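Below is one structure, written out as structure tokens, with a few remarks after it.
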Amino acid sequence: MLLWNLIKQDRGGQILLALLALAIIIVPILNGLPSDHPLHIPTYMVAVMGKYLTLALLALSVDLVWGYLGILTLGHGAFFALGGYVMGMYLMRQIGDRGVYGHPELPDFMVFLNWDSLPWYWQGLDQFWFAAILIVLVPGLLAFIFGALAFRSRVSGVYLSIITQALTFALMLAFFRNEMGFGGNNGLTDFKDLLGFNLQARETRVGLFIASAIALALGYLLCRSVTQSRLGKVCVAVRDAESRSRFMGYRVENVKLWVFTLSAMIAGVAGALYVPQVGIINPNEFSPLNSIEIVVWVAVGGRATLYGAVAGAIFINYAKTWFTTELPDVWLFALGAIFILVTVLMPKGIVGLLRRKEGNA
Amino acid sequence: MSQPSLLSEIKDKHHVFSFMQSQASPVLNVDKQILLYLEGLSVSFDGFKAINDLNLYIRDGELRCIIGPNGAGKTTMMDIITGKTKPDTGSAWFGQTINLLELDEPAIAQAGIGRKFQKPTVFESLSVYDNLVLAMPDERLVFSLLFARLKGEQRDRIDEVMTLIGLQDHSAMRAGSLSHGQKQWLEIGMLLMQKPRLLLVDEPVAGMTHQEMDRTAELLVSLSGSHSVVVVEHDMDFVRQLAGKERTVTVLHQGSVLAEGSMDQVQNNQKVIEVYLGESQ
Ligand SMILES: Nc1ncnc2c1ncn2[C@@H]1O[C@H](COP(=O)(O)OP(=O)(O)OP(=O)(O)O)[C@@H](O)[C@H]1O
Ligand SMILES: [Mg+2]
Numbered sequence: 001m002l003l004w005n006l007i008k009q010d011r012g013g014q015i016l017l018a019l020l021a022l023a024i025i026i027v028p029i030l031n032g033l034p035s036d037h038p039l040h041i042p043t044y045m046v047a048v049m050g051k052y053l054t055l056a057l058l059a060l061s062v063d064l065v066w067g068y069l070g071i072l073t074l075g076h077g078a079f080f081a082l083g084g085y086v087m088g089m090y091l092m093r094q095i096g097d098r099g100v101y102g103h104p105e106l107p108d109f110m111v112f113l114n115w116d117s118l119p120w121y122w123q124g125l126d127q128f129w130f131a132a133i134l135i136v137l138v139p140g141l142l143a144f145i146f147g148a149l150a151f152r153s154r155v156s157g158v159y160l161s162i163i164t165q166a167l168t169f170a171l172m173l174a175f176f177r178n179e180m181g182f183g184g185n186n187g188l189t190d191f192k193d194l195l196g197f198n199l200q201a202r203e204t205r206v207g208l209f210i211a212s213a214i215a216l217a218l219g220y221l222l223c224r225s226v227t228q229s230r231l232g233k234v235c236v237a238v239r240d241a242e243s244r245s246r247f248m249g250y251r252v253e254n255v256k257l258w259v260f261t262l263s264a265m266i267a268g269v270a271g272a273l274y275v276p277q278v279g280i281i282n283p284n285e286f287s288p289l290n291s292i293e294i295v296v297w298v299a300v301g302g303r304a305t306l307y308g309a310v311a312g313a314i315f316i317n318y319a320k321t322w323f324t325t326e327l328p329d330v331w332l333f334a335l336g337a338i339f340i341l342v343t344v345l346m347p348k349g350i351v352g353l354l355r356r357k358e359g360n361a
Numbered sequence: 001m002s003q004p005s006l007l008s009e010i011k012d013k014h015h016v017f018s019f020m021q022s023q024a025s026p027v028l029n030v031d032k033q034i035l036l037y038l039e040g041l042s043v044s045f046d047g048f049k050a051i052n053d054l055n056l057y058i059r060d061g062e063l064r065c066i067i068g069p070n071g072a073g074k075t076t077m078m079d080i081i082t083g084k085t086k087p088d089t090g091s092a093w094f095g096q097t098i099n100l101l102e103l104d105e106p107a108i109a110q111a112g113i114g115r116k117f118q119k120p121t122v123f124e125s126l127s128v129y130d131n132l133v134l135a136m137p138d139e140r141l142v143f144s145l146l147f148a149r150l151k152g153e154q155r156d157r158i159d160e161v162m163t164l165i166g167l168q169d170h171s172a173m174r175a176g177s178l179s180h181g182q183k184q185w186l187e188i189g190m191l192l193m194q195k196p197r198l199l200l201v202d203e204p205v206a207g208m209t210h211q212e213m214d215r216t217a218e219l220l221v222s223l224s225g226s227h228s229v230v231v232v233e234h235d236m237d238f239v240r241q242l243a244g245k246e247r248t249v250t251v252l253h254q255g256s257v258l259a260e261g262s263m264d265q266v267q268n269n270q271k272v273i274e275v276y277l278g279e280s281q
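Top line first, the protein sequences correspond to chains A and B. Position 248 (the first sequence) corresponds to 248 in the UniProt record's numbering; numbering is contiguous. Position 278 (the second sequence) corresponds to 278 in the UniProt record's numbering; numbering is contiguous.
Okay, structure coming up:
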């Protein structure tokens, strides 16, 4: 009932949730068909689609702060990567003594570095519940500290975008260092199992796909409940006329701080679901370009609609997969061209086009 | 007098720790019938004195008109009162107890000072209705905003204000698609929702028709008494209408008060005539 109220007036959201529900039912069935069946979906495709869903969740988190609050974040890749690293650490701890060096506890790269014990920040991460908490807590805490400093001193606009880039860039450099204890430039990989399920198994892949679809649906409803609340209206007010909302008594810095933190947590969950499906996390996930790409997905899909971000992320990443296999050299130009075409011809993104056709702007 | 120890504070289950108390400023006190005190205010931008030793007192419930040529510092004065600009010297008090210079914009707004901007600023992508909802002073904390629901009497209040500002048929309309005059009205409506004790109104009738001007004047006059209203306006007919024969008009010039008195006194003041004639040459 409460949930239905959230999406009653939200055509795009209804379609999105219906498609996700459909995918949760259909994909396992099609994947289970014999491999010579024309409708068979190979397991690697299931993992690719699962990956798209986690990227869509990431785009959703960016739309929440950029679309609704006007904070052009160019550093959300960092929160995504941090969630991914926590998951990666959990997965590394699951390897146990099955690593190349056969050490009962230490991941291979630590043995290679001649370390003799786990660093303190790797403790406890063999427990899934603990990892699950850190997946939201670590990105959330970083976002909170960053936001408290930036928003309280009223950094905004281009300056804020630049320091979010600096944030993710600094983290990338830090994670490249071997002595940080996160595997240096190789990152974390060679995962074996998650919660006791073999990551290579078909069922696990399907399970991760379903988990990603559910996470995206829940993430959507969560973001929607924020944007539909009075807090969401205040966000839009801040976006449109920041100082006006201050003179009305709103503590703009607190609004920004909490929404930004929530968004970073969602990005962390997305990263955590991404890592087991792609099988690796390395410092390149922190690359400043990645974060810029996310903003492009949202712009292409259509800002401040939430489902537009999902559509943009899936569309661009599908195009990326297609180009990088068919015409790898052309991809970056194609991405640039899509971005320019969409921003010039369709300022409201792909979903803006559909909405106009529907006739209810 | 002994400091209560932390232990006894913890033992007292009714104790409210200082970090949990809201940072609300002291209670407004207008025992001396003065709501706003501005004394010896000066502020300069890159060496240019926009406000220069300004002294101004607004009585509780008074309607005060402020006029002055372009660049006289009228808007800057409102910026100081509302916390947007910090003065170099001087003091600004709201009643006897609230030191405005110690507070920031949201705290000043919550203390009871509302402002209408020279350029109408409404929240363009929100509906007229939502603009009014946000202006209500009830919820300001992030978490209570997340769960805020409109109560019956709040709805009635919004309907009442919407009728008053003549936008009752546009409640679902995006504020951005209103006409200039309608935006002015909406902003006035937002001020009314905010229920401030002091209203600062910067050029409210720019872009309004004569009829709308009359209604605005009527509204502002009706608000005085229960609120103090400070109106900055260039339109002399409108000022005459507001000030009538009795009310005080203040003339600002080069950042300080040039003259103060009834409309007739001010208009016949030699210095005022020079300033206005000097400008029109
Ligand atoms: N932030 C600022 N930086 C530099 N100069 C400023 C700033 N704000 C105001 N000024 C200058 O201070 C002077 C007073 O400006 P203010 O806006 O207060 O005048 P005003 O009386 O409201 O004029 P108007 O009738 O045109 O609205 C002007 O010369 C203006 O250029
Ligand atoms: Mg002005």
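Idealized CB from N, CA, C, for every residue including glycine. Note that the coordinates shown come from a computational prediction; the quantities given were computed from them, not determined experimentally.
Could you check if residue 203 of chain B is buried or exposed, using at least 16 other CB atoms within 10 Å of its CB as the buried criterion?
buried
Kindly indicate if chain B contains any beta-carbon less than 9 Å away from that of residue 290 of chain A.
It does not: the Cβ of residue 290 of chain A has no partner Cβ on chain B nearer than 9 Å.
Less than 9 Å between the beta carbons of residue 309 of chain A and residue 59 of chain A, yes or no?
yes
From B:66, B:81 and B:65, residue whose alpha carbon lies closest to that of residue 37 of chain B:
B:81
Report the rounded CA-to-CA distance for residue 110 of chain A versus residue 145 of chain A, giving the unit in angstroms.
30 Å
May I have the straight-line CA-CA distance separating residue 128 of chain A from residue 82 of chain A, to the nearest angstrom?
16 Å
For residue 155 of chain A, which residues in the same chain have their Cβ closer than 7 Å to its Cβ, ignoring the five residues on either side in sequence?
163
Give me the Cα-Cα distance between residue 294 of chain A and residue 206 of chain A, rounded to the nearest whole angstrom.
25 Å
Would you verify that the beta carbon of residue 250 of chain A is, or is not, closer than 9 Å to some beta carbon of chain B?
yes
My guess is that residue 84 of chain A and residue 285 of chain A are in contact by the Cβ rule of under 8 Å, so how many angstroms apart are they, rounded?
Contact holds; Cβ gap of about 6 Å.
Cutoff 9 Å: residue 178 of chain B Cβ touching any chain A Cβ:
no
Own chain partners of residue 68 of chain B with C-beta closer than 7 Å, once the 5 adjacent residues on each side are dropped:
The answer, listed in chain order, is 74, 251, 252 and 253.
Got a sec: does ligand 1 put a non-hydrogen atom nearer than 8 Å to the Cβ of residue 214 of chain B?
no
Using beta carbons (cut-off 9 Å, strictly below), is residue 21 of chain B in contact with chain A?
With a pLDDT of 45 at residue 21 of chain B, under the threshold of 50, the predicted position of this residue should be treated as unreliable, though the coordinate-derived value follows. For residue 21 of chain B, the answer is no, since every Cβ of chain A falls outside 9 Å of its Cβ.
Endpoints, the beta strand (DSSP E) within which residue 263 of chain A is located
From DSSP, residue 263 of chain A is part of no beta strand (DSSP E) but of the alpha helix (DSSP H) over 252–278.
Neighbouring residues, chain B, relative to residue 126 of chain A (Cβ below 7 Å):
Those do not exist, as residue 126 of chain A stays about 35 Å from chain B at its closest Cβ, beyond 7 Å.
Under the three-state reduction of DSSP, which class applies to residue 149 of chain B: helix, strand or coil?
coil
Would you call the CB atoms of residue 231 of chain B and residue 242 of chain B closer than 9 Å?
yes
Contact set, ligand 1 heavy atom to C-beta under 6 Å
What you get when you keep residues with a C-beta closer than 6 Å to any heavy atom of ligand 1 is B:45, B:50, B:68, B:70, B:71, B:72, B:73, B:74, B:75, B:76 and B:118.
C-alpha distance - residue 159 of chain A paired with residue 177 of chain A, whole-angstrom precision
28 Å
Kindly examine ligand 2 and report whether one of its heavy atoms sits closer than 8 Å to the Cβ of residue 232 of chain B.
For residue 232 of chain B, the CB falls within less than 8 Å of some heavy atom of ligand 2.
For the segment 43–53 of chain B and the segment 92–108 of chain B, state whether three or more C-beta atom pairs, one from each stretch, are separated by less than 8 Å.
no
With 7 Å as the C-beta to C-beta threshold (strictly closer), list the residues of the segment 166–194 of chain B near chain A in chain order.
194
Do you know offhand how far residue 22 of chain B's Cα is from residue 251 of chain A's?
Any reading at residue 22 of chain B needs caution, since the residue's pLDDT is 47, under 50, leaving its predicted position unreliable; the model's value is listed next. Rounded to the nearest whole angstrom, the CA to CA distance from residue 22 of chain B to residue 251 of chain A is 13 Å.
Which chain A residues are close to residue 110 of chain B, counting only those with a beta carbon under 8 Å from its beta carbon?
Using a Cβ-Cβ cut-off of 8 Å, residue 110 of chain B is close to 249 of chain A, given in chain order.
According to DSSP, is residue 131 of chain B helix, strand or coil?
helix
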